[in-house]
Amino acid sequence: VKDYRAEKYYRDAKICTIGEGTSEVQRLVIARQLLSA
């Protein structure tokens, strides 16, 4: 399946979703630290 262009787009989209989730978690952690300070 890795030979198909659609598979690459799907894989890249999944990586972007994971990356966005990570930055969202970091944003929540930073907000908690700021509010508790």
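Using my numbering, the letters of the sequence shown map in sequence onto residues 229 to 265.
Quick reminder that beta carbons are idealized off the backbone N, C-alpha and C, glycines included.
None of the values given here were measured: they were computed from a predicted structure.
Roughly how many angstroms separate the alpha carbons of residue i and residue j, rounded to a whole number?
i: S264; j: Y237; result: 41 Å
i: D240; j: V257; result: 26 Å
i: C244; j: R260; result: 25 Å
i: L262; j: E252; result: 15 Å
i: R233; j: K242; result: 14 Å
i: D231; j: R255; result: 36 Å
i: T250; j: E235; result: 23 Å
In three-state DSSP terms, what is residue i?
i: Y232; result: coil
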